[in-house]
Amino acid sequence: MGTAPSVERITPRSEDYSRWYTDVILHARLADYSPVKGCMVIRPNGYALWENMQRILDGMFKETGHVNAYFPLFIPESFMKKEAEHVEGFAPECAVVTHGGGEKLEEPLYVRPTSETIIWSMYKKWIMSYRDLPILINQWCNVVRWEKRTRLFLRTTEFLWQEGHTAHATAEEAEAEARQMLEIYRKFVEDYLAIPVITGLKTESEKFAGAIRTYSIEAMMQDKKALQAGTSHYLGENFARAFDVKFQDKDGQVKYVHATSWGVSTRLIGALVMTHGDDNGLILPPRIAPLQLVIVPIWKETNRDVVLPFSVQVYQQLKGRFTVRLDDREQYKPGYKFAEWEIQGVPLRIEIGPRDVNNQQVTLVRRDTREKIPCPVDQAVEKVEQLLEVVQKDLFLRALEMRRNNTFRIDDYTEFKEIMEKRGGFVEAHWCGSEECEARVKEETKATIRNIPFDRQPEKGRCIVCGQPSEGRVVFARAY
RNA sequence: CGGGGCGUAGCGCAGUCUGGUUAGCGCGCUUGCUUCGGGAGCAAGAGGUCGGGAGUUCAAAUCUCCCCGCCCCGACCA
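Start counting the first sequence at 123; every next residue gets the next number (the numbering used here).
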């Protein structure tokens, strides 16, 4: 009974979901706890996932005209204080540097929790005329938010993300930008991460500190809790006014610039784990998996000379078309290797033993269903390609079905509370639009309004709390 | 910031209540041989400031005090 560190027992989801989550991340070697409280080390397996996300998203940003830049980690305290709501929202969770070079600083420097302020201080220098607009800048960086309670990937003191900051001549254009970026996030998360999301508008109390409107994509995890997977904000003139960023328009008028910002973070890795993983470990969608398939040869001393060359030949066929590895390590038996690759979520495995060689075939094994599929060796490339697509699609459909089975349309508050208490999930209910009702629901059920879906049907109803008229349903859930 | 738990070999733990030989077990690691279609077997090895400090005692992993760290659960948040 071998139990290498990577293949120890994972706590089953039914026993302790939160423990399971941590176990999967540790055993799949995505991350490890660091010597610094609340921080984590992203290990090569986790970082490779992030690199894939970066590559794909970055391509999508570039296609829509965005360019990358880099702004400083440190932000003068006075900048942070310029936008009233922004200060209030972020001040409590900021790390502040008071000393440098052995001396007390004249002005403390905030470690960025987000970069609106320092970026807009620069935009002031760069924007004079409507001809300077729009500015479409993105940066990939780390940010620090001093959270009271941290969880690997979901909420750590320091995390990696991308933040887009754009400047526009008109409100309409900025609004369109914010919506466009949210749509890019939706497409990326659904098409690549195979995680279905609900796109919509955040309520006043849930929006970003300093925004006019915040949009989000919301996903359901396997424990039926919601996870905000990405956000996009229309910031209006708030930061332009705070930093005095004006331009002269075509009509000769001097106007304030309209802003947006938008971001996704390494939290997406947590979403991936909690959407697709099972009791055997991680399950990665093929389109984001750093390693799409692994070949495990199965030999005895007597037939090693037959199995291994055959495996190498299969490997040669596949490499270049897929990310593939031949696991010819001597010190582990096949069963051990199967378990290890499963924990790490590799979508497809190819087993090649003496029987396969005799039949000129390979045995394909899906990670998600663990189904074994024999395939003639000369059709391996096509079959692998096809299976990877099927797995990608099936993961999305399974997650979608999970969400459908746990989404309820409720019109009675007692029933609402019972669902939140007893089984969890998303509840679509009418809401009058008042912060009081929203706060009461949160107080009594711990559920918040995740967002007001873009695609909701107009429907006359009554607020589930106060009975006042409502024009449509919003999505309630307990959230991470 | 409140509540709970933990800190003994790389990892997981026992030993602590009731102080007493060279501080144990499982896994992993090293070497050798045999194995290999779902987490291999045998043999021989290496590996320890018992989280830190102070105290009590003939004697402390064990009792007392202080400190540090981490994890989990609640109020705030990508």
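Ideal placement from N, C-alpha and C gives every residue a C-beta, glycine not left out.
| task | Determine the extent of the beta strand (DSSP E) in which N573 is found, giving its start and end residues. | result | Counting from 1 along the first sequence, the entry for residue 573 is found at position 451. T570 to P575 is the span of the beta strand (DSSP E), which, as asked, contains N573.
| Collapsed DSSP secondary structure at V158 in the structure displayed | Taking the first sequence and counting its residues from 1, the one referred to as residue 158 is at position 36. Coil, per DSSP.
| How about T382 and T292: do their beta carbons lie closer than 7 Å? | As a first step, residue 382 is located in the first sequence; it is residue number 260 there, counting from the start. As a first step, residue 292 is located in the first sequence; it is residue number 170 there, counting from the start. Against a cut-off of 7 Å, the Cβ pair of T292 and T382 comes out as no contact.
| task | Please report the Cβ distance between L349 and A551, rounded to the nearest whole angstrom; I am assuming they are in contact, meaning their Cβ atoms lie under 8 Å. | result | Position 227 of the first sequence, counting from 1, holds the residue named residue 349. Position 429 of the first sequence, counting from 1, holds the residue named residue 551. Contact doesn't hold; Cβ gap of about 20 Å is too wide.
| query | How is V506 classed by DSSP in three states: helix, strand or coil? | reply | Counted from its first residue, the first sequence places residue 506 at position 384. Residue state, collapsed to three classes: helix.
| Helix, strand or coil at E225 [DSSP, three-state] | Here residue 225 is taken as the residue at index 103 of the first sequence, counted from 1. Note: E225 maps to strand in three-state DSSP.
| task | Consult DSSP for T336 and reduce its assignment to one of helix, strand or coil. | result | To locate residue 336, count along the first sequence from 1; it is residue 214. Reduced to three states, the DSSP call for T336 is strand.
| Cβ atoms of P408 and P469: under 7 Å apart, would you say? | On the first sequence, position 347 is the one that residue 469 refers to. On the first sequence, position 286 is the one that residue 408 refers to. Taking 7 Å as the Cβ cut-off, P469 and P408 qualify as a contacting pair.
| Three-state secondary structure (DSSP) at W181? | Position 59 of the first sequence, counted from the start, is the residue given in the question as residue 181. Trp is not the amino acid found at residue 181; the sequence shown has Gly there. G181: helix per DSSP, three-state reduction.
| said: Between which two residues does the beta strand (DSSP E) holding R471 run? | reply: Within the first sequence, numbered from 1, the residue matching residue 471 stands at position 349. From DSSP, the beta strand (DSSP E) with R471 extends over L470 to I474.
| request: Please report how far the alpha carbon of K422 lies from the alpha carbon of P476, in whole angstroms. | output: Locating residue 422 in the first sequence gives position 300, counting from the first residue. Locating residue 476 in the first sequence gives position 354, counting from the first residue. The straight-line gap from Cα to Cα measures roughly 9 Å.
| Which residues DSSP lists as bridging Y314, in chain order | For the purposes of this step, residue 314 is taken as the residue at position 192 of the first sequence. Bridge partners of Y314: none, in fact.
| request: Name the residue from G332, A599 and V436 whose alpha carbon lies nearest to the alpha carbon of E205. | output: Residue 205 sits at position 83 when you count from the first residue of the first sequence. The candidate whose alpha carbon is nearest that of E205 is G332.
| Range covered by the alpha helix (DSSP H) that runs through P431 | Taking the first sequence and counting its residues from 1, the one referred to as residue 431 is at position 309. Taken as a continuous stretch (DSSP letters only), the alpha helix (DSSP H) holding P431 covers R426 to L440.
| Helix, strand or coil for A561 per DSSP? | As a working mapping, residue 561 is identified with position 439 in the first sequence. The answer is helix: DSSP assigns A561 an H, G or I state.
| So, helix, strand or coil for T388, using DSSP? | What you label residue 388 is simply residue 266 of the first sequence in a count that begins at 1. Coil, per DSSP.
| said: For V395 and L404, what's the separation of their Cα atoms in angstroms? | reply: Within the first sequence, numbered from 1, the residue matching residue 395 stands at position 273. Within the first sequence, numbered from 1, the residue matching residue 404 stands at position 282. Cα-Cα distance, rounded: 6 Å.
| query | Which same chain residues, not among the five before or five after T353, have their C-beta less than 7 Å away from its C-beta? | reply | Here residue 353 corresponds to residue number 231 of the first sequence, with the count starting at 1. Cβ neighbours of T353 beyond the five flanking positions: F330, T336, Y337, S338, W384 and G385.
| task | Starting from the Cα of E543, find the closest Cα among K347, A300 and L171 and give me that residue. | result | If you number the first sequence from 1, residue 543 lands on position 421. Here the closest residue by C-alpha is K347.
| message | Rounding to the nearest angstrom, what Cα-Cα distance links S592 and C559 in this structure? | response | Position 470 of the first sequence, counting from 1, holds the residue named residue 592. Position 437 of the first sequence, counting from 1, holds the residue named residue 559. About 12 Å.
| message | Using the Cβ count rule (16 or more neighbours within 10 Å means buried), how would you classify T239? | response | On the first sequence, position 117 is the one that residue 239 refers to. It is buried - the Cβ of T239 has at least 16 other Cβ atoms within 10 Å.
| field | Residue range of the unbroken alpha helix (DSSP H) whose run includes W553 | value | Counting from one through the first sequence, the residue named residue 553 turns up at place 431. No alpha helix (DSSP H) contains W553, which DSSP labels as neither H nor E.
| query | What number of angstroms, rounded off, separates the C-alpha of V158 from the C-alpha of T272? | reply | Translated into positions along the first sequence, residue 158 becomes position 36. Translated into positions along the first sequence, residue 272 becomes position 150. If you take the alpha carbons of V158 and T272, they lie about 12 Å apart.
| task | Please report how far the alpha carbon of M123 lies from the alpha carbon of R520, in whole angstroms. | result | The residue you call residue 123 lines up with position 1 of the first sequence. The residue you call residue 520 lines up with position 398 of the first sequence. Note that M123 scores 25 on pLDDT, short of 50, meaning its location in the model is unreliable and no value can be drawn from it.
| request: Spatial neighbours of N527 within its chain, please: CB distance less than 6 Å, with the 5 preceding and 5 following residues excluded, ordered by chain position. | output: Numbered from its first residue, the first sequence carries residue 527 at position 405. Cβ within range, chain order: n/a, list empty.
| In the DSSP assignment, what residue or residues form a beta bridge with V146? | The count along the first sequence starts at 1 and reaches residue 146 at position 24. Bridge partners of V146: none, in fact.
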